[in-house]
Structure formats: C-alpha cells, structure tokens
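A.B. asks:
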Amino acid sequence: MTGTPVIQTRDLTKSYGGVAAVRGLNLSVEPNRITAFLGQNGAGKSTTIKMLLGMVRPSCGDGTVLGKRITDAKENCEMRRSVAYVAENKPLYGYMTVEQTIRFASSFYSDWRTNVAKKLLNEYKLPLQRKVKSLSKGMRTKLALLLAFARRPELLILDEPSEGLDPVGIELLLQMLVAQASQGVPIFFSSHQIAEVERVADDICILDNGRLLVNASLDHLRESYRRIDLVFPFAPPEYEFQIAGVERIHSQGHEMRVFASKNAEAVIEHARDLNAVSVEVAPVALRDIFLETVKEN
Amino acid sequence: MLWYKAWLETRSRFLTSLATLTVFCAVFVHHAQGILRPEWTPAYNRLLYIAQQYIVVLWILAVVLLGMGGIVREKATGASLLTLSLPVSRALLLGVRVGVGVLEAIILAVVPWTAIFLVSSHAGMPILVSQVGFYVLLLVAGGLVYFAMAILVSCLVEGEYTAPAMAFGVVFLTIIAFDAWLRPLNLWRLITGDFYIDRHTYLLSAHFPWLGALACLFVSAVMLLVSVKVVQRREF
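Heads up: the protein sequence lines correspond to chains V and C, in order.
Each step along the first sequence adds one to the number in the working numbering, with nothing skipped, and position 140 is 140.
Offset between the second sequence (1-based) and the working numbering: plus 297.
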C-alpha cells in the first residue's frame, strides 16, 4: 500500500443518544485500490459514509477525504466536487424524468463525460422521458450508477451498489468497478454480497457494532487466515491453543477446529508437539473470515 | 441548476395556485359587472377591497404550500442524500429554494391583480393602477412573513402532512392571537389593507406603509436566517 490515503479517519465516533453507531473508527483507504466495506445491517457502514460526506456530524474524532477535513463544511463541500457517491436505496428525485436527472446532475461537475453517459444510457436501456418515480428499483439503481460512472471522480463511494440489480446488471457493475479502478479511480464500497466483493476488492474493511475489526488487503487476509482441523489421540485441551492470532476454537471429542487470523504455523507446531494424529490446514474464504470475525466480536 | 430543481419541485403547486387565483379574480370581476352597473364606482371599490381579503386567504394558502419541501422533507423520501452529496452548501440549497419561492409568491400576487385590472378595464369599470400596486405591495411585503414562516416550519418538521398542518395552524393562531391582543401589529390587517382603507370611498388612501413593510421583511429575513441555521445543524 502506497501514497496518501484517500480516506483517513481518527477515532471517528457517532452516538445517537446513548447508543454508539460508530466507535473510534481508525480507517485508512489507499489510493488506486478497490476497498470493500463489510458489516452486518446496523454495523455503522452507512453512518460512516454519511460522516465522510458531511451529512452526519461525528460525535468525536475527525477524518479526511482526499485530504479535506470532513468536519469542516467548506472543505467537505469542496471535497464533494471530486467524489462520486451512490447512496443506499439509490435516492433520486421522483418528480424529474431520467433526462432531467442527468442534465441536473451533470451541471455540477466539470468531470462529467457526456460520451460515457450516452454509452451507459444505451447499455442500461433507461427511458429518457420516463419520470423517476415510475422506474423500477433496478432501473433507479442503474440511473444512480450512471450519475456516478459518467464522471471521472477522484474517489467513488458506493453504498451497496448492487442492491436491486439483476445478475446481468451486477456483472456490468463489477466490470465498471474494475474498469474505473484500472483508470486510477479509488473505490470505497459497502456490500453484503461477499462473492462480488471477493471478485473485485483489493482491500477489506470489516465493521461490526461500530468497530473496525479488519482493515487489510484481501491477499493478506487470504494468506494469513487458516482453518486448521486437528485430531488427537485424546480429548484436546482448548487452553493449550490460546495463541496470538487464534480467533476461535471448536472441539468435539478428539477433534478440534482452530480458526486463526495469523500464526497458523505456531498452531500446527504446537499441535504436533501434543502428538496430533492428523493436521489439516485449509485456506479460508472471505465469507468465512467475515462470519468468524463478526461472530467472535 | 438548483433553480431548475426548485422549479420542478414546486411547479405543480405554483401553477395550480396561479390558475385558481386568476380564475377566481376573473370570475369575481365578471360577477361584479353583472350586479353593479351603472352606479358602480364606490361599490366596486368596496368589492375590490373584499376581493383582496379572498386573494389574501388563497395567496397565504398557496405560499405556505410553496414553502413546503426542501431537504428536510427529502430526508423522509431519502432523496436528501443525493442533494447533500452535491458540491453546494446547505445555505445555498435553501437560498435557491427561497429565491424561487419568493419569485413565485410575487407572481401569485401580481397576476391575479393584473387579471382584475384587465378584466375590469375590458368590462368598462377601470380601476386605478396605484390601487392595484398598493394591494400587490401589501400582499408581497406583508405576506412574505407567512412564506418565511412556512420555510422555517419545513426546516423543522419533515412529515408530508405534519409540516403543512403545523404551518397552517401557526398562521391561524397568529392571526387570532394578534387580532385579540396586538391588533395594531396584526399582519392580516396590514396585508388586506384594513389599516389603510377609506371607509367612504373604499380606496387605499394613506401613503404606502414602508415602515410596516420593512418590519415584515426584517421578520421574514430573521426567520429565513434561523431556517439556514436549522438546516446547517441538522443531520441526515
């Protein structure tokens, strides 16, 4: 990872009454990367994105997006000129037609690419004269994505971009994300579709209960996370495996399953010292990393 | 393009109000023509004074409705996230909405009275331009307080029906309360011309109340500034 982070937060916190939605978030999103933001419903993903874009004020902490302070209204406004954002639920103005929406949105950005907008319009088969309120959810999502992809922003922030899209639409979206990233546009997107995330993301952030549990590259996660299945000639003592990096231990009879985020070698070595009769090490898919991480939390 | 958005957002309410007011005025004159000829002058002036009362009612109804909407209302529909992601300040968003609303409110005051003036002239009952101007100025200068109040309510309350209900409630209560305890400061009587009408000729006889108009504009400006502060502090 190199360069100044496009998004950086320091102890970013948001509380509603006594309930903390985001707690002490120290997030770093690198340039030229696709960063996925994962978390369960209510984990604080959307609140974080809203804080980054100045829609919600942090209770404490601060952050920068493209080097601009998110808590400074002027700097935040300036930053939004260079950021393309697609919100959750793809909100648009129901009283505008597709054409009016495109004309309206394009007027605010100097990085608008008319040719790309036309190409996407044809690809998505959006009816220009149709009012937005009469579009299907999938069509609305496509229009919202068009408004973001027709630009050449310095950063793309997408909140559950594939929501409402059919498989063909999702495929097109993923291709667009990769194409944008290949042109040097960093992308920060939240999603519940882990299979999609695994296909395109370079970096993974996992948020749970407002806390950032993972902020690492997907390659690093794949390399370091291991599921180790052990068989012993006796009922294995779990406390023997309380080693740094061991996230979860599940034992049944003479068998034990260890889920490690690092130090898999130490676990294997220790198992051999304890005369394990079988040691099987398997890589862990992102889905399992996510599930184990939030389960552990 | 924020102007364009504000226009698209309000145009159906504006055009409906404009049509209602204009048709009302035309019908009013046509009806008066039937009952007043040939001894029409003082009685017709009295009818015009009465017409202003009806126009004020319809106009307030219209400007309160025009003041509804904006990003707080959009919060309920989710569209506020799109609006707030635009590279413009919240003050500018509100400012443009107010600008378009004020322009529409002025048109809603000018067009009906112009209709009255033209239809009256055509019907052989010409009225003084100065009288028309007086009524329009009273309506706009004083009535903008109600528009500003509607904007303020729309920045505080996001419900589609709650906000206009509350705005109309406040209008009604202020009219009643001021009439009961602070009659000289009753905005309603200022806008309708009640303070300035000559009860014999039914012409607006005094000089235009610039001080009262300025006071109304000041109150409106204060309410709009409070609205800006409310919107700037609000979370979406």
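All C-beta atoms, glycine included, are put in the ideal place defined by N, C-alpha and C.
Nothing here was measured: the structure is a model prediction, and the numbers come from that model.
(1) If contacts are defined as beta-carbon pairs under 8 Å, then C/V408 and C/T319 qualify, I think. What distance do you get, rounded to the angstrom?
(2) Just to check my reading of the structure: V/I7 and V/F188 have Cβ atoms closer than 8 Å, yes? What is that Cβ distance to the nearest angstrom?
(3) Can you list, in chain order, the residues of its chain with a C-beta nearer than 7 Å to that of C/A503? Leave out the 5 residues immediately preceding and following it.
(4) Given 7 Å as the limit, tell me if C/V369 has its C-beta closer than that to any heavy atom belonging to the ligand ZN.
(5) Between C/L389 and the rest of its own chain, which residues show a CB-CB distance below 8 Å, the 5 nearest in sequence each way excluded?
(6) Which stretch, first to last residue, makes up the alpha helix (DSSP H) that contains V/T317?
(7) In terms of DSSP beta bridges, what is V/T13 paired with?
(8) In whole angstroms, what is the alpha-carbon distance linking C/A510 and C/I403?
(9) Could you name the residues that DSSP lists as bridge partners for V/H298?
(10) Helix, strand or coil: how does DSSP classify V/S106 here?
(11) Comparing alpha-carbon positions, which option in V/N215, V/L66, V/D208 lies nearest V/G42?
(12) Measure the C-alpha to C-alpha separation of V/M55 and V/L165 and round it to an integer number of angstroms.
(13) Beta carbons nearer than 9 Å to chain V: which residues of the stretch 370-381 of chain C have them?
(14) What did DSSP end up calling C/P423 once you bin it into helix, strand or coil?
(15) Using the DSSP secondary-structure output, state which residues sit across from V/Y85 in a beta bridge.
(16) Could you please tell me which residues of the stretch 301-312 of chain C, in chain order, have their CB closer than 9 Å to any CB of chain V?
(17) Taking only beta-carbon atoms, is C/P384 less than 8 Å away from chain V?
(18) Would you mind reading off the limits of the beta strand (DSSP E) that contains V/P237?
(19) Flag this pair as yes or no: are the beta carbons of V/E198 and V/L286 separated by less than 8 Å?
(20) Opposite V/C205 in the DSSP bridges: which residues?
(21) What does the alpha-carbon distance come out to for the pair C/R530 and V/K14?
(22) Going by beta carbon distance, what residues of the same chain come within less than 7 Å of V/G245, once the five residues before and after it are set aside?
(23) Can you check whether the CB of V/A150 is closer than 8 Å to the CB of V/R103?
(24) Could you tell me whether any Cβ in chain V is nearer than 8 Å to the Cβ of C/M298?
(25) If we count Cβ pairs, one from each stretch, closer than 8 Å, do we get three or more for the stretch 352-366 of chain C versus the stretch 305-319 of chain C?
(26) Could you name the residues of chain C that V/L53 contacts, counting a contact when the two beta carbons are closer than 9 Å?
(27) Return the first residue and the last residue of the beta strand (DSSP E) that V/V281 is part of.
(28) Going by DSSP in three states, V/S190 sits in which element: helix, strand or coil?
(29) In whole angstroms, what separates the C-alpha of C/T380 from that of C/I368?
(30) Classify V/S306: buried if its beta carbon has 16 or more other beta carbons within 10 angstroms, exposed otherwise.
(31) Which chain V residues sit within Cβ distance under 7 Å of C/E457?
(32) Using the C-alpha atoms, what's the distance from V/P186 back to V/Q175?
(33) Given a cut-off of 8 Å on the beta-carbon distance, is the pair V/I157 and V/I49 in contact?
C.D. replies: So, from the data block:
(1) 6 Å
(2) 6 Å
(3) Y493
(4) Here there are no bound small molecules, and the ligand ZN is not part of this structure.
(5) L299
(6) In the structure as shown, chain V starts at 1 and stops at 297, and residue 317 of chain V therefore has no counterpart that could be examined.
(7) V/C60
(8) 14 Å
(9) As shown, chain V starts at 1 and ends at 297. That puts residue 298 of chain V outside it, with no answer to give.
(10) helix
(11) V/D208
(12) 26 Å
(13) E371, T374, G375, A376, S377, L378, L379, T380, L381
(14) coil
(15) V/I157
(16) Y301, K302, L305, E306, R308, S309
(17) yes
(18) From DSSP, V/P237 is part of no beta strand (DSSP E); its letter is neither H nor E.
(19) yes
(20) V/F37, V/N215
(21) 15 Å
(22) A260, S261, K262, N263
(23) no
(24) yes
(25) yes
(26) L378, L381, S382
(27) 278-283
(28) strand
(29) 7 Å
(30) Nothing can be reported for residue 306 of chain V: it is not among the residues displayed for chain V, which extend from 1 to 297.
(31) Those within 7 Å of C/E457 in chain V number zero; the least Cβ separation is about 13 Å.
(32) 15 Å
(33) yes
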